[in-house]
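Read the structure below first, then the notes.
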Amino acid sequence: MRRLFAGRKPQEVVTLMPDARALKDKLLAAFNAHDLDRVLQCHSRDGVLVTPSGVAEGHDQIASFYEEVFKGSPTCA
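Numbering of the sequence shown is given in my numbering, commencing with residue 7 and proceeding in unit increments.
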């Protein structure tokens, strides 16, 4: 987080929040719909997903993580 905000003026940081909220809303909607393609659109290709069960690096591993979650919880929403 510090790197994200480093060197920014307070008003610049505030303008990042709507984008973060929009991304969160997009990810939750995709997750609730079990739409893996839309979920992956919320992660960068070289992104890292850290969960209590481990770390997934890159789209392939992130996709595998969500596939297992969706398979294990077909009604999760």
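All residues carry an ideal CB built from backbone N, CA and C; glycine is no exception.
If you measure between the beta carbons of residue i and residue j, is that distance less than 9 Å?
i: K32; j: R44; result: yes
i: F71; j: T57; result: yes
If residue i sits next to residue j, beta carbons under 8 Å apart, how far is it from one beta carbon to the other, in whole angstroms?
i: L46; j: H65; result: 6 Å
Cutting at 8 Å between CB atoms, please list the residues of its own chain near residue i, excluding the five before and the five after it.
i: H49; result: L55, H65 and I68
Considering only residues of the same chain and omitting the five flanking positions on each side of residue i, which have a CB-CB separation below 6 Å?
i: A36; result: R44 and V45
Where residue i and residue j are concerned, what is the direct C-alpha to C-alpha distance, given to the nearest angstrom?
i: P80; j: E63; result: 24 Å
i: D25; j: A39; result: 21 Å
Can you list, in chain order, the residues of its chain with a C-beta nearer than 7 Å to that of residue i? Leave out the 5 residues immediately preceding and following it.
i: E73; result: L42
i: L29; result: C48
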